[in-house]
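Reviewing the structure listed below.
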Amino acid sequence: MLKTFKLMFTMNSLQSPNFFRIATKYNMNMDSSYYASYLVLLETSELANRVQTAWQHLESCDVCPLACGVNRLGGELGVCKTGANAQVSSYFPHHGEERPISGRMGSGTIFFTRCNLRCVYCQNADISQLGFGREVDSNSLAEMMLSLQRRGCHNINFVSPSHVVPQILAAVYTAAQNGLRIPLVYNTGGYDSVEMLRLLDGVVDIYMPDMKYGDDAAARKYSGIKDYPRVNQAAVTEMYRQVGDLSLDDNGVALRGLLVRHLVMPNNLANSEIIIKFLAEEVSKDTYVNIMAQFHPAFRAGDYLELNRRMTPQEYRHVINLAAVYGLSRLDQG
Ligand code: SF4
0 MLKTFKLMFT MNSLQSPNFF RIATKYNMNM DSSYYASYLV LLETSELANR
50 VQTAWQHLES CDVCPLACGV NRLGGELGVC KTGANAQVSS YFPHHGEERP
100 ISGRMGSGTI FFTRCNLRCV YCQNADISQL GFGREVDSNS LAEMMLSLQR
150 RGCHNINFVS PSHVVPQILA AVYTAAQNGL RIPLVYNTGG YDSVEMLRLL
200 DGVVDIYMPD MKYGDDAAAR KYSGIKDYPR VNQAAVTEMY RQVGDLSLDD
250 NGVALRGLLV RHLVMPNNLA NSEIIIKFLA EEVSKDTYVN IMAQFHPAFR
300 AGDYLELNRR MTPQEYRHVI NLAAVYGLSR LDQG
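Residues 0 to 333, numbered by numbering that gives the first Met the number 0, are exactly what the sequence shown covers, in order.
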């Protein structure tokens, strides 16, 4: 079954009668270089199957790699403190993302409350760790997507989605039935389950993962997470397998592909070279990378002497130079 779907995504298959029938039925723009691949999954019932499969993972939760084993459908809560419904803190057209994501009309951003990481320097700790937001069912979440599309957003941008993949799939299923047509962006801290990501194959168009740490000990100390580099690299590898390098339309807006974010930390705490080397040698030298300079000691970072400052221009330049040395040339220019 899955093999069949993959074949449907090749360029040749875009000329197939089946694709034209689906495109016509859902009013897809045949002149555009983008088509909503999740509509193909909707048409063939595969999207419904994915929702059902994902939902089963909530019974003994392993939706993210923490694998808490709690029954979220029965009201139990794990590390992410999220039950059967997702929680959302805000949704709006975001003009401050990378240029290919925000474009001219903005990215239709939906900020999920809570997170599976517990970064001591989190800049959105009120949302991710203190729980600011409100519970929404999948119908409400679908309506948020549709309203962002009506406002002209280029895409739907799910921020901190790793702990609510089943809820996202259910909402996409409803939204697609009711007219959703724009690309979906999975904007994640990068601690994602490969099994869950496989359920998003053909649903998500643009993956935007953080690669926070090349160093396991730093991830444990500053994000309360074990084995981050291995889990993160496996997730990014799966994302790239699904969508490849970032492709843009004639206006420079992202259609499909991988966009990696790496936040440079003071005192090289992230061990950036491991990440740069991995992307260049194990993923693709054409990976679109945003090497971010905006670290500041937010939330509880002041408790750690080595984190309690911004990084220096020299520290940032060092990582930019590393990208050049390893042959990564698609760096975000802001
Ligand atoms: S999604 Fe939440 S409950 Fe499930 S394994 Fe991850 S942190 Fe635990």
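We put the beta carbon where it would ideally sit given N, CA and C, even for glycine. Since the structure is predicted, the reported quantities are computational estimates derived from the model, not experimental observations.
- Nearest C-alpha to residue 302 among 322, 119, 136: 119.
- At least one heavy atom of the ligand SF4 lies less than 8 Å from the C-beta of residue 71.
- The nearest non-hydrogen atom of the ligand SF4 is 8 Å or more from the C-beta of residue 112.
- Taken through DSSP and simplified to helix, strand or coil, residue 268 comes out as coil.
- When Cβ pairs closer than 8 Å are counted between the two stretches, the stretch 119–136 is seen not to touch the stretch 175–182, the count staying below three.
- Here the stretch 86–93 makes contact with the stretch 101–115; the two share three or more CB pairs at distances below 8 Å.
- Using a Cβ distance threshold of 9 Å, residue 53 and residue 198 count as a contacting pair.
- Unbroken alpha helix (DSSP H) runs of no fewer than 4 residues, entirely contained in the stretch 78–159, are found at 98–101, 124–127, 137–149, following chain order.
- For residue 258, the uninterrupted beta strand (DSSP E) run begins and ends at 253–262, by DSSP.
- The alpha-carbon of residue 127 is positioned some 11 Å away from that of residue 162.
- Excluding residues up to 5 positions away in sequence, 60, 77, 78 lie with their Cβ nearer than 7 Å to the Cβ of residue 67 in the same chain.
- The C-alpha of residue 35 lies about 12 Å from the C-alpha of residue 172.
- Of all C-beta pairs linking the stretch 133–147 to the stretch 207–222, fewer than three are shorter than 8 Å, placing the two stretches out of contact.
- Look at residue 63: its beta carbon is less than 8 Å from one of the heavy atoms in the ligand SF4.
- Taken in chain order, the complete beta strand (DSSP E) segments of 3 residues or longer contained in the stretch 161–190 are 183–187.
- DSSP places residue 34 in the coil class of the three-state scheme, outside both helix and strand.
- Residue 302 carries a helical assignment under DSSP once its states are collapsed to helix, strand and coil.
- It is roughly 36 Å from the alpha-carbon of residue 250 to the alpha-carbon of residue 229.
- Annotation: the continuous alpha helix (DSSP H) that includes residue 193 extends over 193–198.
- It is roughly 12 Å from the alpha-carbon of residue 81 to the alpha-carbon of residue 160.
- In this structure, the ligand SF4 has no non-hydrogen atom nearer than 8 Å to the beta-carbon of residue 193.
- The shortest CA-to-CA distance from residue 48 to any of 169, 57, 155 is the one to 169.
- Taking the Cα of residue 325 as reference, the smallest distance to any Cα among 69, 300, 281, 299 is reached at 281.
- A Cβ-Cβ distance of about 6 Å is found for the pair residue 290 and residue 322, placing them in contact under the 8 Å criterion.
- If you check the C-beta of residue 161 against the ligand SF4, you find a heavy atom less than 8 Å away.
- Looking at the DSSP output, residue 290 sits in a beta bridge with 261.
- In the displayed model, residue 239 falls within a helix according to three-state DSSP.
- Annotation: residue 245 to residue 278 spans about 14 Å, alpha carbon to alpha carbon.
- Taking the Cβ atoms as the reference, residue 261 lies roughly 7 Å from residue 288, within the contact range of under 8 Å.
- For the 9 Å CB-CB criterion, residue 221 and residue 189 do not form a contact.
- A direct Cα-Cα distance of roughly 20 Å separates residue 155 from residue 235.
- Secondary structure in the stretch 303–329: no beta strand (DSSP E) run of 3 residues or longer lies completely within the stretch.
- Relative to the ligand SF4, the beta carbon of residue 79 is positioned inside 8 Å of a heavy atom.
- Here residue 123 has no same chain residue with a Cβ atom under 6 Å from its own Cβ, once five neighbours each way along the sequence are excluded.
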